[in-house]
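A.B. asks: Before I ask anything, here is the structure I am working with.
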Amino acid sequence: MAFALGGGVGRLGALVAAWLPAAAQAQPRDPAEAIMQLQSLYPGVRASVHDARTRLLFGVPMTPGETPDLAASAFLDAHRDALGVGEFTLDRRWAARVREGRLTVIGYTQRIDGVPVEGSLVRVAVLMGRGAQPCRVALVSTRLAARPARAPIAVTAAGAATLALAQPGYANLRVTGEPAFVVLPAGRVGESVRPDAWAWRVPVTYGEGHDDLPRSFFINATDGGLLDVRDEFARAASAPRVSEATHAALVSDVTGTVRAYATPTNMLPHRPSNPPGLTPIANLRVAAIDNETTEESETQTDAGGEFALSIPASGSVDVETRLGPTSAWGGFRWFVVDCQGDGAPPTSPVALGGTSNTSSPGAADFDFGDQGEFETAQANAAVQANRCFEYVLSRLEIDVELFPDRLQVFVNDDSIANANFYSSLAGFRSIVFGVQLGSGSTAYWNTCYSSLFPHEFGHYFMYELGGTWGSHAFAEGYSDSFAMMCNDDFVQGRAYRTTAGFDMNVRDDPRIDDCQYPLTSSSPTPEDCRCTPNEYHNPGQLLSGVWAHLLDAMKAEFGAGTGLAMCQSLHLAWSLLTQGPPDACNPAGPDTLQEVLVADDDDSNLGNGTPHDTLILDAFAQHSIFP
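In this text, residue positions in the sequence shown follow our numbering: the first is 8, and each later residue adds one.
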């Protein structure tokens, strides 16, 4: 779905070749007048504006509509000027329903004259109608660009690639794809604001082997300067599936179960004192091939690892399954496990899997026994990825467009203490986990276990929602908070390593340091929260600390089980609304507080309070964040 607001869609060739005189351009209006008009229509509307760009509009129910999409479209069409960026076109990307169906959130991205706006984001939260009441817009969150100034395009795509390769400070820099013409939104550079710009996005990698780091260099299309460096986005192809018509013509004849050795989900890593056990593998593809007719059939294992295949009853049947991508029938519904990572450790195994010959009707059970740490890591990846997807999808009703392609999970990467998310690695959104290696008195356990996996999954989830590394501190703090809710544990990476015989966590409870807003690069309180270049995990504890205090308070107020469930639902609802803070150094601030209050509200009127505003306000106040 796409709709234009105040302007049509142009073609890239026309855009690059012909430029209107500067005087003919419509300049973006100051949003103040349009916001005042909106407030006169809906008294109580609040606005958050930074650098002359509207970030949030919220406070009371606004534009009505028969459905969430109609309400959102009506608001965006009627109140475009309140966003302060002039003409633009939006593309609907996804929608999700939360809060027991009371709130629907719709996500959009932006184009200007047909050109995609890098990192653009519009999220419209709509309060669902009740009885004769229509749906009403509850919040509009935006990260948009205005049309950049008209100027001759002096840099070609090939020229942008050449300029990217000339950037200093990167070892073995390589261009990995065709440059794309985009609009790069305005952004802060120190104390100044970089204007919106026409740019070439050049995908690159640099480094050696496992250390290859995929990035996008943004080259100014008018003067060739380097505007920004960000992570690259890429998509993977889905595995082939049997058509519904073919499947309907078959009968169910082969059943079985798939199990593999996995580390218990108890927050501790895979090591001798925490041995693995046979564990059902859910959502795994299983295929059958009839040896006489060559008819094929495919299915997925259920939550208990069980499957039932439809295949003609003609005799001998080969049933195949495999955790890794080495088989056409391998992999999972939402993800793929690659046992070798981006390379091979010294004794790397092949992907767990096998083929069983049976008759039809018949049974084919797969029990992949304890074959060692590398194989167990594969099973861990499958169990934990399933766990994270289930955590999200059991609590949110999400359009399938949000997860259109499968996540790649690399395990047994030949690195020490390696647990990373890549927005693009070998063409996939990827999570990478290392092996059990040690040096001197320090040992790092195999990291593909429950305490760390949800943190990396949190990065992936925020990317799919449209988040970026605009604030690295936000990215790390968000992922810590996601893992905290999924694991019901304030600690990140329990017993991740052993030093001189003592277990060490990745990060302790964020309530210990209690980072205080605002953080700076020089003198935050305490010093462990300092926002410094290339270290984003410590300041991220400002955000995770807020959620830790809120989780603690909800458990105390409503009981451990009920409080956890309520806070989990609130966190996921907020995840759909938030766009991150405007300050790259601070992962949370006053806007974050307002987003959480909107996610908590049951009537979209913040003037009369929200069901848990006392607990929410107190959690933020403990980090010096106030409305």
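Ideal placement from N, C-alpha and C gives every residue a C-beta, glycine not left out.
1. As a quick exercise: from THR183, GLY552, VAL498, VAL200, pick the residue whose alpha carbon is nearest that of LEU191.
2. Between the alpha carbons of PHE489 and PHE339, how many angstroms are there, rounded?
3. Using beta-carbon positions only, say whether GLY312 and PRO287 come within less than 8 Å of one another.
4. In the segment 130 to 218, which residue ranges form an unbroken beta strand (DSSP E) of at least 3 residues, counting only runs that do not cross its ends?
5. Confirm, please, whether the CB-CB distance from MET69 to VAL52 is below 8 Å.
6. Three or more C-beta pairs closer than 8 Å, one from the segment 371 to 382 and one from the segment 400 to 408: is that the case here?
7. Between LEU558 and the rest of its own chain, which residues show a CB-CB distance below 6 Å, the 5 nearest in sequence each way excluded?
8. Pick from SER437, LEU409, GLU408, SER430: whose alpha carbon is nearest that of ASP420?
9. With distance defined between alpha-carbon atoms, name the residue in GLY568, ILE119, TYR467 nearest to ASP707.
10. Should the segment 88 to 98 be called in touch with the segment 147 to 165, which here means at least 3 C-beta pairs below 8 Å?
11. What did DSSP end up calling VAL357 once you bin it into helix, strand or coil?
12. Let me check understanding here. Comparing Cα to Cα, which of SER323, VAL133, ASP374 lies closest to SER611?
13. Distance check for LEU571 and THR599, CA to CA, integer angstroms please.
14. Using a Cβ-Cβ cut-off of 7 Å (strictly less than) and excluding sequence neighbours within five positions of TYR398, which residues of its own chain qualify?
15. Candidates THR328, PHE375, SER304: which alpha carbon is nearest ARG292's?
16. Near ASP486, what residues of its chain come up, given a Cβ to Cβ distance below 6 Å and the 5 sequence neighbours on each side ignored?
17. Kindly identify the DSSP beta-bridge partner or partners of LEU64.
18. Which same chain residues end up closer than 8 Å to CYS346 when comparing Cβ atoms and leaving out the 5 residues on each side of it in sequence?
19. Would you kindly work out how many angstroms separate the C-alpha atoms of PRO589 and GLY231, rounded to a whole number?
20. Leaving out five residues before and five after GLY552 in sequence, what residues of the same chain have Cβ atoms less than 7 Å from its Cβ?
21. With distances taken between CB atoms, is the gap from ARG266 to LEU583 smaller than 8 Å?
22. Would DSSP call THR308 helix, strand or coil?
23. To the nearest angstrom, report how far apart GLN174 and ALA482 are at their CA atoms.
24. Helix, strand or coil: which one does DSSP assign to ALA370?
25. For MET511, which beta-bridge partners are listed by DSSP?
26. Consult DSSP for SER446 and reduce its assignment to one of helix, strand or coil.
27. Do you know offhand how far GLU125's Cα is from ASP515's?
28. Go through its chain and collect everything with a Cβ distance to VAL513's Cβ below 6 Å, but skip five positions before and after it.
29. Whole angstroms is fine: what's the gap from ASN547's alpha carbon to LEU526's?
30. Output yes if chain B places a C-beta closer than 8 Å to the C-beta of THR527; else output no.
31. Between THR116 and LEU90, is the Cβ-Cβ spacing less than 8 Å?
32. With which residues is TYR429 paired in a DSSP beta bridge?
33. Can you find the residues in the same chain that come closer than 7 Å, C-beta to C-beta, to ASN545, ignoring five residues on each side of it along the sequence?
34. What does the alpha-carbon distance come out to for the pair HIS254 and ASP372?
C.D. replies: Walking through what the data contain:
1. It is VAL200.
2. 23 Å
3. With contacts defined as CB atoms closer than 8 Å, GLY312 and PRO287 qualify as a contacting pair.
4. 142 to 150, 187 to 191, 194 to 196, 199 to 201, 204 to 213
5. The Cβ atoms of VAL52 and MET69 lie closer than 8 Å to each other.
6. no
7. CYS574
8. SER437
9. As shown, the chain starts at 8 and ends at 634. That puts residue 707 outside it, with no answer to give.
10. yes
11. coil
12. Comparing Cα-Cα distances from SER611 to each of SER323, VAL133, ASP374, the minimum goes to VAL133.
13. 20 Å
14. Listed in chain order, the non-local C-beta contacts of TYR398 below 7 Å within the same chain comprise CYS493, local neighbours out to five positions each way being set aside.
15. THR328
16. One point to set straight first is that residue 486 is Ser, not Asp, in the sequence displayed. These residues qualify, in order along the chain: HIS462, GLY465, HIS466.
17. Paired residues: ALA54, VAL147.
18. LEU330, GLY331, SER355, PRO356, VAL357, ALA358, LEU359, PHE381, GLU382, ALA384, GLN385, VAL418, ASN419
19. 27 Å
20. The answer, listed in chain order, is PRO517, ARG518, ASP521, CYS522, HIS630.
21. no
22. coil
23. 26 Å
24. Residue state, collapsed to three classes: strand.
25. ARG504
26. Unreliable placement is indicated for SER446, whose pLDDT of 43 sits below 50; no coordinate value is reported for it.
27. 35 Å
28. GLN499, GLY500, TYR503
29. Here the sequence assigns Gly to residue 547, which means Asn is not the residue at that position. Approximately 10 Å between the Cα atoms of the pair.
30. No chain B appears in this structure, which consists of one protein chain only.
31. No. Outside cutoff.
32. Its beta-bridge partners are SER437.
33. Contacts found: ASP535, CYS536, ARG537.
34. With a pLDDT of 35 at HIS254, under the threshold of 50, the modelled position of that residue is not reliable, and no figure is offered here.
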